[in-house]
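Engineer:
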Amino acid sequence: MGLLSQGSPLSWEKTQRHAEHVRRHGILQFLHIYRAVGERHKDVLKWGDEVEYMLVAFDHKNKRAQLSLTGEEVLHTLQEKGEMVNPNHPTLWRPEYGSYMIEGTPGQPYGGTMSEFNTVQDNMRKRRQEAASVLKKNEAVCTVTSFPRLGCPGFTIPEYDPTPVETGASKSLFFPDQAINKHPRFSTLTRNIRHRRGEKVVINVPIFKDKNTPSPFIETFPNDDGEAARAAKPDHVYMDAMGFGMGNCCLQVTFQACSISEARYLYDQLATICPIVMALSAAAPFYRGYVTDIDCRWGVISASVDDRTREERGLEPLKNNHYRIHKSRYDSIDSYLSECGEKYNDIDLTIDKEIYEHLIKEGIDHLLAQHIAHLFIRDPLTLFEEKIHLDDANESDHFENIQSTNWQTMRFKPPPPNSDIGWRVEFRPMEVQLTDFENSAYVVFVVLLTRVILSYKLDFLIPLSKVDENMKVAQKRDAVRQGMFYFRKDICKGGNAVVDGCGPAQNGTETDAEEYILMSIDTIINGKEGVFPGLIPILNSYLENMEVDVDTRCSILNYLKLIKKRASGELMTAARWMREFVANHPEYKHDSVITEEMNYSLMWKCNQIAQEQVECPELLGVGFNKVKYSGMKTGTF
Numbered sequence: 019m020g021l022l023s024q025g026s027p028l029s030w031e032k033t034q035r036h037a038e039h040v041r042r043h044g045i046l047q048f049l050h051i052y053r054a055v056g057e058r059h060k061d062v063l064k065w066g067d068e069v070e071y072m073l074v075a076f077d078h079k080n081k082r083a084q085l086s087l088t089g090e091e092v093l094h095t096l097q098e099k100g101e102m103v104n105p106n107h108p109t110l111w112r113p114e115y116g117s118y119m120i121e122g123t124p125g126q127p128y129g130g131t132m133s134e135f136n137t138v139q140d141n142m143r144k145r146r147q148e149a150a151s152v153l154k155k156n157e158a159v160c161t162v163t164s165f166p167r168l169g170c171p172g173f174t175i176p177e178y179d180p181t182p183v184e185t186g187a188s189k190s191l192f193f194p195d196q197a198i199n200k201h202p203r204f205s206t207l208t209r210n211i212r213h214r215r216g217e218k219v220v221i222n223v224p225i226f227k228d229k230n231t232p233s234p235f236i237e238t239f240p241n242d243d244g245e246a247a248r249a250a251k252p253d254h255v256y257m258d259a260m261g262f263g264m265g266n267c268c269l270q271v272t273f274q275a276c277s278i279s280e281a282r283y284l285y286d287q288l289a290t291i292c293p294i295v296m297a298l299s300a301a302a303p304f305y306r307g308y309v310t311d312i313d314c315r316w317g318v319i320s321a322s323v324d325d326r327t328r329e330e331r332g333l334e335p336l337k338n339n340h341y342r343i344h345k346s347r348y349d350s351i352d353s354y355l356s357e358c359g360e361k362y363n364d365i366d367l368t369i370d371k372e373i374y375e376h377l378i379k380e381g382i383d384h385l386l387a388q389h390i391a392h393l394f395i396r397d398p399l400t401l402f403e404e405k406i407h408l409d410d411a412n413e414s415d416h417f418e419n420i421q422s423t424n425w426q427t428m429r430f431k432p433p434p435p436n437s438d439i440g441w442r443v444e445f446r447p448m449e450v451q452l453t454d455f456e457n458s459a460y461v462v463f464v465v466l467l468t469r470v471i472l473s474y475k476l477d478f479l480i481p482l483s484k485v486d487e488n489m490k491v492a493q494k495r496d497a498v499r500q501g502m503f504y505f506r507k508d509i510c511k512g513g514n515a516v517v518d519g520c521g522p523a524q525n526g527t528e529t530d531a532e533e534y535i536l537m538s539i540d541t542i543i544n545g546k547e548g549v550f551p552g553l554i555p556i557l558n559s560y561l562e563n564m565e566v567d568v569d570t571r572c573s574i575l576n577y578l579k580l581i582k583k584r585a586s587g588e589l590m591t592a593a594r595w596m597r598e599f600v601a602n603h604p605e606y607k608h609d610s611v612i613t614e615e616m617n618y619s620l621m622w623k624c625n626q627i628a629q630e631q632v633e634c635p636e637l638l639g640v641g642f643n644k645v646k647y648s649g650m651k652t653g654t655f
């Protein structure tokens, strides 16, 4: 969840007074890092995943599933038993936005050997078992992207009523502040986003129209002061708090590149893959107790942290603000970073011109300078009194303050000051899956893809405006089977080009519309003769030329088989499986409503599948190489 400074958080009014100071010194901190390590090469491949978990309490007698607000206690126990005792413990645990959430990562990054792929699932399994081992009876650690009844009355344990008052963090009609992590960063972010925006955040998700769903679907809201009535759209599910987005779970992967140029190349290439993998991992069809017409969390989380004022959103003339800003600070990237990506930068980029000119004057190239100057049009959202005046040569908190609150599909990450960490990129669009097997499959697929991109010098670049269109399609219901996505036809044009230059195929300034066409995800992933070779056939070709032990090859092939069958529609995405589970539930009235009992049944089934206590061939297939769990709270620690 980004920078987790400790100290005394400032109100929005006080934070705003220091905004220019943070931006100015953030740029100085970036320049110190760039001068120190901008020319560094030969960093080794390292990578790691981040899995976010929800803590769910089951009341079997009353058939209820609630989110357990014990995240802080569980986190402290895990850290106390793990990294505080052993710095080389195989897992690390960190806080997340919800007080019912925790985040787990490998204790050490994975390396560049193929055998590392065979350890991913074991480590994820260890994390799940460690967390489960410190929970109370009838509690479970679940990897679900969105809790179906998040924001419904009594969705937490202990239960709290929302307090929609100005002095609170979110002022939400649905999401109690007690469900926000107690770390001061999280409530301060929530409050300051609302105060900067000048009103509560507005999230409207289209309702899924079943045969008994009211038409038009219109809600009324008790305790509404009129703001919700104005903001809610007919035939949409309305939400009003950061928790509805940041309170969801995801799966992310970070890669260390060998140099800054390789990191920029990977950043660009993977940006085009983001909507494809997001649709493939779709796992979030339900919001605030309703069946909706989207399958992914991305637009929800984007709206949940949209701090733009009415002026910045183009609803009023610019008077008090500097810029029209086209997107939320949580959205897809707005510019490519490598030279070969420059001609595909067709999105109107809003930048801080003074910062851009300063960076250019200091020797930063145009593409990187505009990227940083675009990030820095944003204000800092949290600032701690103790962290205002820093040593710019040896600290990076001001840079990270802005950087870590630009939550984009890809993140370009400079090394921390005075560390042996290299230039990194973070792949951020994936939805978390129900099982460790699935999460391992998606992680291994993306990591393998980076190896193939670098080894074969592949070129996935298309105009960024088309990537944005793909992001919209990817979130729609059943996008894997129904959606069509712009994708590059010839991804091997670069020949033997090196990363820095990108080869003769990239010369020129005009893009060719024939370079890319609309394809299905099945075609992109599995290939279609005469149209596109397919990513998995390319990965298989790469594997055939690598020395891989039999056990690791078996694991990788099982992972790729899952991706292949999800792409073809032979296996369901989690979102589609959840929809069918609800549609077939005896209590469902085909009115788009998810009741307490339906929520309980679904969450319990998800937990059983994650523990491998029940089979789910429509989601996972059959014959996969899995290791059995023996119960909800099993495993050694």
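For reference, each letter of the sequence shown is one residue, going 19 to 655 in my numbering. Ideal Cβ positions, reconstructed from N, Cα and C, are used throughout, including at glycine.
According to the neighbour-count rule (16 or more other Cβ atoms, all chains shown, within 10 Å of its Cβ), is H389 buried or exposed?
Structural biologist: Label assigned to H389: buried.
Engineer: From I539 to V498, what distance separates their C-alpha atoms?
Structural biologist: Distance between the alpha carbons of I539 and V498: 6 Å.
Engineer: For I312, which residues does DSSP report across the bridge?
Structural biologist: Note: I312 sits in a beta bridge opposite K494.
Engineer: For H254, write down the residues that DSSP places opposite it in a beta bridge.
Structural biologist: Paired residues: P224.
Engineer: Report the residue from R506, S586, L578, S573 whose alpha carbon sits nearest the alpha carbon of V549.
Structural biologist: Nearest of R506, S586, L578, S573 to V549, Cα basis: R506.
Engineer: Can you name the residues that DSSP bridges to D122?
Structural biologist: Looking at the sequence itself, residue 122 is Gly, so the reference to Asp does not match. G122 pairs with V69, W111.
Engineer: By a C-beta neighbour count over all protein chains shown, 10 Å radius and 16 as the cutoff for buried, is N266 buried or exposed?
Structural biologist: So N266 ends up on the buried side.
Engineer: Starting from C572 and walking both ways along the alpha helix (DSSP H), at which residues does that stretch end?
Structural biologist: Looking at the DSSP string, the run of the alpha helix (DSSP H) that includes C572 is 568-586.
Engineer: Residues in its own chain within less than 7 Å of Y577 by CB, not counting five upstream and five downstream?
Structural biologist: Within the same chain, Y577 has close Cβ partners S458, A459, V462, F463.
Engineer: Count the other C-beta atoms from every protein chain shown that fall within 10 angstroms of the C-beta of R53, then say buried if there are 16 or more, exposed otherwise.
Structural biologist: R53 is exposed by the Cβ-count criterion.
Engineer: Inspect the beta-carbon positions of L284 and G359 and report whether they are closer than 8 Å.
Structural biologist: No, the pair does not count as a contact, with Cβ atoms beyond the cut-off.
Engineer: Helix, strand or coil for E157 per DSSP?
Structural biologist: Note: E157 maps to strand in three-state DSSP.
Engineer: Using the Cβ count rule (16 or more neighbours within 10 Å means buried), how would you classify G244?
Structural biologist: Flag for G244 reads exposed.
Engineer: Figure out for me which residue from R82, K99, D324 has the closest Cα to the Cα of V219.
Structural biologist: When only C-alpha atoms are compared, the closest one is D324.
Engineer: For the structure I just gave you, are there three or more beta carbon pairs, one from the segment 111-121 and one from the segment 67-75, closer than 8 Å?
Structural biologist: They touch, by the three-pair rule.
Engineer: In angstroms, rounded to a whole number, what distance separates the CA positions of M564 and T123?
Structural biologist: For M564 and T123, the distance between alpha carbons rounds to 27 Å.
Engineer: Could you check if I120 is buried or exposed, using at least 16 other CB atoms within 10 Å of its CB as the buried criterion?
Structural biologist: Per the 10 Å Cβ criterion, buried.
Engineer: Give every residue of the same chain whose Cβ lies closer than 6 Å to the Cβ of C170, excluding the five residues on either side of it in the sequence, and list them in chain order.
Structural biologist: Contacts found: G307.
Engineer: Determine which residues share a DSSP beta bridge with R429 and list them.
Structural biologist: DSSP output for R429 lists E444 as bridge partner(s).
Engineer: Is it the case that the Cβ atoms of E90 and N199 are separated by a distance below 8 Å?
Structural biologist: For E90 and N199, yes; Cβs fall inside 8 Å.
Engineer: At a cut of 8 Å, does the segment 34-54 reach the segment 375-383 through at least three beta carbon pairs?
Structural biologist: The segment 34-54, when compared against the segment 375-383, does touch it at the 8 Å Cβ threshold.
Engineer: Just to confirm the assignment: which complete alpha helix (DSSP H) runs, minimum length 4, are found wholly within the segment 233-292?
Structural biologist: Here the runs fully enclosed are 245-249, 261-264.
Engineer: Here's the rule I'm using: 16 or more other beta-carbon atoms within 10 Å means buried, otherwise exposed. How should E157 be labelled?
Structural biologist: Buried, because 16 or more other Cβ atoms sit within 10 Å of the Cβ of E157.
Engineer: One question on the structure: do E449 and R315 come within less than 8 Å of each other, judged by their Cβ atoms?
Structural biologist: Against a cut-off of 8 Å, the Cβ pair of R315 and E449 comes out as a contact.
Engineer: For F135, report the span of its alpha helix (DSSP H) as first-last.
Structural biologist: Run containing F135: none; DSSP gives neither H nor E here.
Engineer: Where do the N-terminal and C-terminal ends of the beta strand (DSSP E) with F503 fall, by residue?
Structural biologist: Segment 503-506, the beta strand (DSSP E) holding F503.
Engineer: Assign N643 to one of two classes, buried (16 or more other C-beta atoms within 10 Å of its C-beta) or exposed (fewer than that).
Structural biologist: Because the pLDDT of N643 is 46, which lies under 50, any placement of that residue in the model is unreliable, and the number read from its coordinates should be weighed accordingly. Exposed is the call here.
Engineer: So who's on the other strand from V611, going by DSSP bridges?
Structural biologist: DSSP lists Y308 as partners of V611.
Engineer: Would you please state the rounded distance, in angstroms, between the beta carbons of T174 and P194? I believe it to be under 8 Å.
Structural biologist: The Cβ separation is near 7 Å, so the contact holds.
Engineer: For F402, write down the residues that DSSP places opposite it in a beta bridge.
Structural biologist: Its beta-bridge partners are P27.
Engineer: CB F183 to CB L96, shorter than 8 Å?
Structural biologist: Sequence inspection shows Val at residue 183; the Phe mentioned does not correspond to that position. It is not a contact, given that the beta carbons lie outside the stated cut-off.
Engineer: Look up E533 in the DSSP assignment and say whether it is helix, strand or coil.
Structural biologist: Of the three classes helix, strand and coil, the one that applies to E533 here is helix, per DSSP.
Engineer: To the nearest angstrom, report how far apart L63 and L580 are at their CA atoms.
Structural biologist: Near 25 Å, if we compare the C-alpha coordinates of L580 and L63.
Engineer: Got a sec? Which residues, its chain only, sit under 8 Å from I678 by beta carbon, not counting five neighbours each side?
Structural biologist: Because residue 678 is not part of the residues shown, which for the chain are 19 to 655, the question remains open.
Engineer: What residues match up with G693 in a beta bridge as DSSP calls it?
Structural biologist: With the chain running from 19 to 655 in the structure shown, residue 693 is simply not present.
Engineer: Relative to the alpha-carbon of Y534, which residue among P481, K546, I556, L553 has its alpha-carbon at the smallest distance?
Structural biologist: Comparing Cα-Cα distances from Y534 to each of P481, K546, I556, L553, the minimum goes to P481.
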